[in-house]
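> All residue numbers for the sequence shown refer to this note's numbering, where the first residue is 3 and numbers rise by one. All C-beta atoms in this analysis are idealised placements derived from N, C-alpha and C, irrespective of residue type, glycine included.
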Amino acid sequence: DIETETPTLLLQGHRAGRVNGLATHPSRRLFVTGGDDHTVRVWDMDARKQVNMRTLEGAVCSVAVSLEGSQVAAGLSSGKVV
Numbered sequence: 003d004i005e006t007e008t009p010t011l012l013l014q015g016h017r018a019g020r021v022n023g024l025a026t027h028p029s030r031r032l033f034v035t036g037g038d039d040h041t042v043r044v045w046d047m048d049a050r051k052q053v054n055m056r057t058l059e060g061a062v063c064s065v066a067v068s069l070e071g072s073q074v075a076a077g078l079s080s081g082k083v084v
C-alpha cells in the first residue's frame, strides 16, 4: 500500500541472493522475476503463489515479457539473453 507504506503482498521463492528483475504481464495478473539463484519465476498475483519456474545457466540480471504476453526473455550475468 503506497499511502501507508506497508506491504500488502509478500511472496517467497528465490532462495539465494537478490531478485534483479521484475516484469508484469501485459494483460493478466501475473509477474515474472529473475535473480541470483539462476531462476526465472512466474507469479500469480491473485493466488499469491508461484505458478512456474525455470532454472537457467547463470544469474538472471533482467526479465521482460513480450507485448502479447506469450514469451519471457531473461538477461544473464554472462551477457547472454535467453
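Would V34 pass as a contact of V53 if the rule is Cβ separation under 8 angstroms?
It is not a contact, given that the beta carbons lie outside the stated cut-off.
> Please report the residue range of the beta strand (DSSP E) in which A66 lies.
Unbroken beta strand (DSSP E) run through A66: V62 to V67.
> Under a three-way DSSP split, which group does A76 fall into?
A76 falls in the strand class under three-state DSSP.
> Using CA atoms only, rank isn't needed, just tell me which of S80, V44 and R17 is closest to A61.
For A61, the nearest C-alpha among the options comes from S80.
> Looking only at DSSP bridge pairs, what is D46 linked to?
According to DSSP, which records beta bridges pairwise, D46 is partnered with L32 and K51.
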